[in-house]
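Under mature numbering (1 follows the signal peptide of the UniProt record, and there is no 0), read the sequence shown as residues -30 to -1, 1 to 581, first letter to last.
From the three backbone atoms N, C-alpha and C, an ideal C-beta is built for every residue, glycine too.
Remember, it's a predicted structure, so these values are computed and weren't measured experimentally.
The next block holds one structure in the form of structure tokens; read it before the comments.
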Amino acid sequence: MTRCPVHYRPLLAAGLVSAFALAWPGVSQATPGDQFSQPIERPQTPLPDLDAVRQRAGAGDREAQFQLGLANQLGIGLPRNLVLARDWFGKAAAQDQPRAMAALGFMLLIGQGGPVDLDQAERLLRRAGDLGEPTAYANLAELLLAREGGGSTADDRAAAEAMLEKAVAAGAINASYRLGRLLFEGTVFRQDRTRGRQLLEKAAAAGNPYAQTYLADLYALGTILKPDPRQAFALAQAAAKAGLAEGVNELAVLYWSGIGTAKDVPRAATLFDEAGKLGDPNGWYNLALMHQQGVLGRPDLTAARRFAGQAAEAGLPVASALYGQMLQQGTGGPADPAGAVPFLRQAAAAGVANAQNFLALALFNGEGVPADKAAAMTWWEKAVAQKHGPATNNFVLHLAAGDGGRPADPARARKLLTAMAESGYAGSQFRLGVWYEQAWFGTPRNLDTAEAWYRRAAEAGHAGAAYKYASYLEAGRPGMPPDAAKALQWYRTAAERGSAPAQFETARMLFNGEGAPADQAAALTWLRRSAGQGFPQALFVMGDLLYRGDGMAADPAAAWAYLRLAEQAGFAEAAGNRQVVEGQLDPAARQRAIQVLKTVVAAFHREEKDE
């Protein structure tokens, strides 16, 4: 499945907040700590003399200690180091430096650079507020919401909004971004997009890179605000220039997509790497997608796996899902089912449906982890609740059969499968066609219904469904006469999508002039492609043609190799033919036949699965 670049969608302004979408435009997903406001306005440039700041901080200067904490927290002029940031903020806070108290309180709230300590966070924030640090009020508001039911009461929300308003009135630009976004989105307070947008634009104009990045995202996507590509690019540029990792990622997305600027994929790749190094793992995840999709040239799955791993190690759930899948399937490197499980668990727990599906597969089959079919069904069911197509197909199959420690429930299984098919997922449309065709799990056999689902899935791009629909068109039924021309059209469509059976049927019809004038050259091309995927009938026919020299030079040694492979694949008729050819080969030809066989096997490629 092609994925799109990830835009920056932080829920709130926190130092390490990032969020992501699996498709663009997509659904935001927050990370832990996203409800709190980063209390520090990010400097536009690195510290002018970092060595001098270090010396003053070491000598006990509280302002230098605060500055050094900020540099480490935000990665200004040096690599981001949250443990050191917390330590330096603590030293300055011990000397009543208000901004350091607010910064340390923030880190304690979200567990940044160390464990969460809400009691100490509250003491620091209240003291910082008393000393005039306005952003402390915003985080006190969030602490209230977190402790008193998550804003479940009107009183909680009103108190939190009042505190944020107090912080805004005191000039806290980050609080303007914070309140503006909450009002704009209407997630906690009553939605007021007009004022929310005003606050966001005020924060962006004042140089707040979080607001700049958020607005750039909205203007680029154009799903809520009127699209403004130039403004999106200008805002992302400003956020990136300020050194905000998420802003660099957003700018890279715009270069990749050609929004507000000329499309520049190499520049995007450079910026994605920079964003990752600055602390936004979305950058490395996007770089993984670039290598996976081959947008920088040929697909480089090894590089894709490396960057996905870096983003996963940094804690990005969607990257953990991708990396876990690659480890599980041996994509871009050796298979490591056991190593995949922790990453899949992390992403599954964060709600990534694709990870829930692959974790369930590992648990159900006991791959890299002791088999636990009941747990597998639970994870599949979580993904089904998110309308994840492949997970739905897996879940309903075992639910209908009564696997996984649950009573068989074919009626519910068919209902879930039908709902997913009706939602437009081609994999479920194809599967539902099979259920009606084969009368699986008590489904009434109905070829008309099966054909209708195959057609819908085929039109949605499903290769297997296109092959099945073509077979219905070729065979015909009462009330539906055969249509060889349309059958060939759909066989060819499925063949182009990689279906080995469809490639073989396309070759057969073109050889015989069915549905179109005979075209031996095109037929041989499709036959070779089908045989190249190890399709037994194609292997058999290739062997026969090579033996007889029909359409190609006679080559008994190569014929023997193809017939032997067809035989090994279970095509019974191949054995007799192979024995006849073998009896005609001298020792040298037999040695060559074995080499041809090895060459053909080495060229086999796995057919891409539908699900």
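Check the Cα spacing between K247 and each of A145, A202, R275, A281: the tightest is with A281.
With contact defined as three or more Cβ pairs closer than 8 Å, the segment 56 to 69 and the segment 224 to 233 are not in contact.
Taking a cut-off of 8 Å on C-beta distances, the segment 124 to 141 does not touch the segment 88 to 98, as fewer than three cross pairs fall below it. Exposure of F574 is indicated by the presence of fewer than 16 other C-beta atoms within 10 angstroms of its C-beta.
The beta carbon of L224 lies closer than 7 Å to those of A190, A202, F203, A206, G230, T231 in the same chain, with the five residues before and after it left out. Excluding the 5 residues flanking it on each side, V23 has same chain C-beta neighbours closer than 8 Å at L17, A34, Q37, L38, A41, in chain order.
Segment contact: the segment 270 to 289 against the segment 234 to 254, three or more CB-CB distances shorter than 8 Å; contact assigned. With respect to A239, L266 sits close: the two C-beta atoms are nearer than 8 Å.
A direct Cα-to-Cα measurement between E220 and L369 gives close to 42 Å. Scanning the segment 172 to 254 from its first residue to its last, the whole alpha helix (DSSP H) runs of 4-plus residues come out as 179 to 191, 199 to 211, 215 to 227, 235 to 248. With a cutoff of 8 Å on beta-carbon distance, R151 and G141 are scored as not near each other.
At the C-beta level, A175 and L185 stay beyond 8 Å of one another.
Note on geometry: alpha-carbon atoms of A433 and A524 lie some 33 Å from one another. Annotation note: the segment 339 to 386 contains the following uninterrupted alpha helix (DSSP H) runs of length 4 or greater, listed N- to C-terminal: 343 to 355, 359 to 371.
Less than 8 Å separates the beta-carbon of V570 from that of Y532.
The Cβ-Cβ distance between Y442 and Y424 falls below 8 Å. Taking all protein chains in view, the Cβ of I46 is crowded by 16 or more other Cβ atoms within 10 Å, so the residue is classified as buried. For R499, the CB contacts under 7 Å within the same chain, skipping 5 residues up- and downstream, are Q473 in chain order. Residue pairing from DSSP places M450 in a beta bridge opposite R447. DSSP, read as helix, strand or coil, puts P68 in helix. In chain order, A472, Q473, T476, W496 place their CB closer than 7 Å to the CB of A465, counting only its own chain and leaving out the 5 sequence neighbours on each side. Excluding five sequence positions before and after A317, the CB atoms of its chain that fall closer than 6 Å to its own CB belong to P287, S290, A291, A325, given in chain order. Burial check for L417: the Cβ neighbour count within 10 Å stays below 16, so the residue is exposed. Contact between Q298 and F328 holds: CB atoms are separated by about 6 Å, below the 8 Å threshold. Annotation: the segment 429 to 500 contains the following complete segments of the alpha helix (DSSP H) (minimum length 4 residues), in chain order: 433 to 445, 454 to 466, 470 to 482.
In the three-state DSSP reduction, N51 falls in the coil class, being neither helix nor strand.
Non-local beta-carbon contacts of V86 in its own chain, meaning distances under 6 Å to residues more than five positions away in sequence, are absent. Assigned with DSSP and collapsed to three states, I80 falls in helix. If you look at L314, you'll find it in the alpha helix (DSSP H) that goes 307 to 319.
With fewer than 16 other CB atoms across the displayed protein chains lying within 10 angstroms of its CB, S393 is exposed. With distances taken between CA atoms, G403 lies nearest to A427 out of R382, A383, K385, A427. Judged by their CB atoms, A493 and F510 are not nearer to each other than the 8 Å cut-off.
Here the alpha carbon of D520 sits roughly 52 Å from the alpha carbon of A353. Inclusion of Q503 and F541 in the CB contact set at 8 Å is not warranted, their separation being larger than that value. Here DSSP, grouped into helix, strand and coil, assigns F505 to coil.
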